[in-house]
Amino acid sequence: MRALQPIEKGYIFALLTICIWSGFIVISRVGGQSPLTPFDVAALRTVFAAAILMPWWLPRVLNSSKRKLPWYQSLTFALLAGVSYPLFAYGGFQYAPANHGAVLIAGTLPFFTTLFALALLREKPSFQRMLGLALIISGVTTLFVAMMRGASWESLPGDLMFLGASICWS
Numbered sequence: 046m047r048a049l050q051p052i053e054k055g056y057i058f059a060l061l062t063i064c065i066w067s068g069f070i071v072i073s074r075v076g077g078q079s080p081l082t083p084f085d086v087a088a089l090r091t092v093f094a095a096a097i098l099m100p101w102w103l104p105r106v107l108n109s110s111k112r113k114l115p116w117y118q119s120l121t122f123a124l125l126a127g128v129s130y131p132l133f134a135y136g137g138f139q140y141a142p143a144n145h146g147a148v149l150i151a152g153t154l155p156f157f158t159t160l161f162a163l164a165l166l167r168e169k170p171s172f173q174r175m176l177g178l179a180l181i182i183s184g185v186t187t188l189f190v191a192m193m194r195g196a197s198w199e200s201l202p203g204d205l206m207f208l209g210a211s212i213c214w215s
């Protein structure tokens, strides 16, 4: 069997990423419509992820020489991406439809990430990135305006939670 070329690996990982993100949206929407609270769904997510990843994280918890980040960076990451992100996302699915979550969470991630890189790391975005962000924002705005034409303002709390989720993940 031959080794995969980098471009082939790229396509495989891109497809895997699409499956993971779309699966998250669908499963989260189902969880948002169930009797479970966002805290319940987040707890289930955390317990199963911790169990699956235990062979990787447990040695790092027990042996400080294997850790790559200082404790305060790890704690910040855990609180934002591990706790706040799912609570915002799952909470949003209780108030807004899945298509709003798909557009607002994934669609605004590059925008918020660039803002944080600029503010925290003083990273100046290139012309290509700015052009890409302009296209992303115009696309997100177009999709969101189209979605809101047939929607009521009752989904606004969910939409704001989706933006909060995107900020936490960024």
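Numbering of the sequence shown is given in my numbering, commencing with residue 46 and proceeding in unit increments.
For each residue, glycine too, the CB sits at the ideal point set by N, CA and C.
| Item | Value |
| --- | --- |
| Quick one: Cα of A179 to Cα of W66, how far? | 22 Å |
| Locate the alpha helix (DSSP H) running through S118, then write down its first and last residues. | One detail in the question is off: residue 118 reads as Gln in this sequence, not Ser. It spans 116-122 - the alpha helix (DSSP H) in which Q118 sits, taken as one unbroken run. |
| Pick helix, strand or coil for G195, following the three-state DSSP scheme. | coil |
| Considering just the uninterrupted stretch of the alpha helix (DSSP H) at N144, what are its terminal residues? | 143-146 |
| Do the stretch 118-138 and the stretch 79-97 make contact, defined as three or more Cβ pairs closer than 8 Å? | yes |
| Quick one: grab the DSSP three-state call for M206. | helix |
| So P170 and T159 are in contact, right, with Cβ under 8 Å, and what is the actual spacing, rounded? | 5 Å |
| Is the beta carbon of G77 closer than 7 Å to that of Y117? | no |
| Please work out which residues of its chain come closer than 6 Å, Cβ to Cβ, to P155, disregarding the five sequence neighbours upstream and downstream, and give them in chain order. | I181 |
| Rounded to whole angstroms, what is the Cα-Cα separation between P80 and L49? | 45 Å |
| Touch check for the stretch 58-75 and the stretch 138-152: three-plus C-beta pairs under 8 Å? | yes |
| Just verifying my parser: in three-state terms, what is the DSSP assignment at P170? | coil |
| Going by the beta-carbon positions, is the gap between F189 and G146 smaller than 7 Å? | no |
| Along the chain, where does the alpha helix (DSSP H) that runs through M99 open and close? | 83-107 |
| Terminal residues of the continuous alpha helix (DSSP H) containing Q139? | 130-140 |
| Using a Cβ-Cβ cutoff of less than 7 Å, which residues in the same chain neighbour E168 once the five nearest sequence positions on both sides are dropped? | A162 |
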